[in-house]
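Q:
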Amino acid sequence: MATFKRRIDTSLLPVDILSYTDADFYNVAKNFIGESATELLEIQSIRGPDSLLLIADVFGILNIKCTILNPLKEKICLKSDDDAYIVKPGIKSSMDYFCELIMKKQDESMKLSRKENRRYSHINSSINSDLTITNITKSYQQQLSSSSIATVIQSPSNMCVNENYHRNFIVKSINHWCQNYSFKIPLIEGVDYHLLISSTNDMNFTARIKCGCNSKITLVKIRKNFQLSNFYKHLLSISCTTIKKSNKTVTLNNNLANNIELNVSDDGILCETDRIKRRASCDIAKRKRIH
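In UniProt numbering, the protein residues as written are 1 to 291.
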């Protein structure tokens, strides 16, 4: 005998059926199980989907001998010759189907809730990431601003503003920035960058920096001094490799210096050992001559 697979279509239920109670719930139930079976739910105070699913046997109450239940038994059940009441198969199957619909609706609701939680979690994580990047950017901009202000304040006001003045100011500013905001990696003019200053007259100067990565950055002049924020931003950008190369050079030099120190130390130990051996040999020879 072929098995029959029942199709559970929750679209037949209202979208918010799980929140229905009392009259709203009973009106929906009538469409699936009929008025008589719905009346059975009302008598048992089954007021909503959850309470219906928690009842082990909805028809179990019909086994009780009670005069009030007799009219309902006549509608829902078949009465045998020995006065036993049996629930009509159609009503029982309709009740089972109604319960299965509600259970599947609950499963769908839980899956949707988990999906929404994952989506909101992803959105919150993206927002937190964006806020972190924004805070880092603001912090860096504040550092650039404070650095520029500090270098402007430190520049003497009574100095002659010529090419040498601008060159010294720019080089010192870059050195100051390297010590404070670039992991203390030094950038050397003529090696890591080239400073190009030109003038059309004694007072009108333009300045450009050719970075070690071959990028050219034009510096903006505000009042007396050139501002280096564009150059600093370039150094920290992904496209610039100057700081990375300088860092590798510093690391290589440090390792070389450490190796030299170790070699010198080893040579000193060997020399001292030879000196002690020679002294011991002389002492032995002297003792032999004495004897």
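C-beta: ideal position from N, C-alpha, C; glycine also. Nothing here was measured: the structure is a model prediction, and the numbers come from that model.
Can you give me the Cβ contacts of Asp-192 inside the same chain, cut-off strictly under 7 Å, excluding the 5 residues immediately before and after it?
A: Gly-212, Thr-242 and Ser-246
Q: Could you tell me if Cys-178 is buried or exposed, where buried requires 16 or more neighbouring beta carbons within 10 angstroms of its beta carbon?
A: So Cys-178 counts as buried.
Q: Kindly list the residues whose CB is nearer than 8 Å to the CB of Asn-175, restricted to its own chain and excluding five residues on each side of it in sequence; keep chain order.
A: Pro-186 and Leu-187
Q: Buried or exposed for Ala-29, going by 16 or more other Cβ atoms inside 10 Å?
A: buried
Q: Taking the straight line between their C-alpha atoms, what separation do you get for Lys-105 and Gly-60?
A: 25 Å
Q: Tell me whether Ala-207 is buried or exposed, calling it buried when 16 or more other Cβ atoms sit within 10 Å of its Cβ.
A: buried
Q: Output the residue ranges of the alpha helix (DSSP H) runs that lie fully inside the segment 35 to 95 and measure 4 residues or longer, sorted by chain position.
A: Taken in chain order, the complete alpha helix (DSSP H) segments of 4 or more residues contained in the segment 35 to 95 are 49 to 54 and 70 to 76.
Q: Go ahead and pull the three-state DSSP assignment for Val-15.
A: coil
Q: Which residue's Cα is closest to the Cα of Pro-71: Gly-34, Leu-40, Glu-189 and Val-15?
A: Leu-40
Q: Which same chain residues, not among the five before or five after Leu-53, have their C-beta less than 7 Å away from its C-beta?
A: Cys-99, Ile-102 and Met-103
Q: Label Tyr-232 either buried or exposed according to how many other C-beta atoms from any shown protein chain fall within 10 Å of its C-beta, with 16 as the threshold for buried.
A: buried
Q: Give the range of the beta strand (DSSP E) segment to which Asn-225 is assigned.
A: 225 to 227
Q: Tell me, to the nearest whole angstrom, how far the beta carbon of Gly-34 is from that of Ser-94; I am working on the premise that it is less than 8 Å.
A: 7 Å
Q: For Leu-18 and Arg-119, what's the separation of their Cα atoms in angstroms?
A: Spanning the two alpha carbons is a distance of roughly 23 Å.
Q: Given a cut-off of 8 Å on the beta-carbon distance, is the pair Pro-49 and Phe-25 in contact?
A: Contact: yes.
Q: Label Gly-190 either buried or exposed according to how many other C-beta atoms from any shown protein chain fall within 10 Å of its C-beta, with 16 as the threshold for buried.
A: exposed
Q: Taking all protein chains shown into account, decide if Ser-173 is buried (16 or more other Cβ within 10 angstroms of its Cβ) or exposed.
A: Buried, since its Cβ has 16 or more Cβ neighbours within 10 Å.
Q: Can you tell me the Cβ-Cβ gap for Val-161 and Lys-224, rounded? I've got them flagged as a contact below 8 Å.
A: 6 Å
Q: Tyr-20 to Ile-123, Cα distance in whole Å?
A: 32 Å
Q: How would you write the range of the beta strand (DSSP E) that Phe-195 sits in, first residue to last?
A: Note that residue 195 corresponds to Leu in the displayed sequence, not to Phe. Element bounds for Leu-195: 193 to 199.
Q: Cys-211 by DSSP, collapsed to three states: which one?
A: strand
Q: If you check the beta carbons only, do Phe-205 and His-166 fall under 8 Å apart?
A: yes
Q: For Thr-206, list the residues DSSP reports as bridge partners.
A: Thr-206 pairs with Ser-198.
Q: Does the distance between the C-beta of Leu-78 and the nearest non-hydrogen atom of the ligand SAM fall short of 7 Å?
A: Judged by which ligands are present, the structure shown has none, so any question about the ligand SAM falls away.
Q: Below 8 Å between beta carbons: does that hold for Asp-65 and Ile-76?
A: This sequence places Lys at residue 65; Asp is not what is there. For Lys-65 and Ile-76, no; Cβs fall outside 8 Å.
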